[in-house]
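What follows is one structure encoded as structure tokens, with my remarks underneath.
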Amino acid sequence: MIRTLIIEDEPAIRKEIEWLLQQETEFNLIGFATSVAESLVLIKATKPELILMDIQLTDGTAFDILDQLEEIPFRIIFITAYNHFAVKAIKFGALDYLLKPLDDVEFKSALAKIVTEDKN
């Protein structure tokens with residue numbers, strides 16, 4: 001199972017992501033964070049393989065998190081309301097970039113890419 005972390009500060013969106021993720025048997029939700037500080041602690045403690053990450057958080061941005069890590073050994077799917085961060089997300093190796101409101105089909109397609117990648 002793919003160890004997955006959700007970084008999202010909007011409770012309703014986080015619950016939606018969590019619900020959609022639970023429909024997929026290949027993913028194991030290991031935690032969630034709502035801030036940069038909380039995310040850094042959780043990433044180091046849980047060593048996720050995948051992070052579903054909002055860009056705008058309560059105390060900064062997803063890029064603040066990624067800038068503070070020595071390495072990025074996990075895959076990232078950004079889920080955000082902002083389309084203008086896509087280029088920066090790609091520079092951090094984003095596997096996908098999904099816009100809110102979240103489209104269930106697009107979300108499942110993004111997860112399917114990871115499962116396919118792991119099988120190859």
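With the working numbering, letter number 11 in the sequence shown gets 11, and the count goes up by one each step, no holes.
Glycine is no exception: its CB is placed at the ideal position from the N, C-alpha and C atoms.
Check: In the DSSP assignment, find the beta strand (DSSP E) that holds residue 2 and state where it starts and stops.; Outcome: 2-7
Check: With burial defined as no fewer than 16 other Cβ atoms inside 10 Å of the residue's Cβ, what is the status of residue 8: buried or exposed?; Outcome: buried
Check: Do you know whose CA, among 20, 65, 105 and 13, lies nearest residue 44's CA?; Outcome: 65
Check: In the DSSP assignment, find the unbroken alpha helix (DSSP H) run with residue 12 in it and report its ends.; Outcome: 11-22
Check: For residue 1 and residue 83, I'd like the C-alpha separation in whole angstroms.; Outcome: 30 Å
Check: Closest to residue 58 by C-alpha separation, out of 52, 36, 69 and 79, would be which residue?; Outcome: 36
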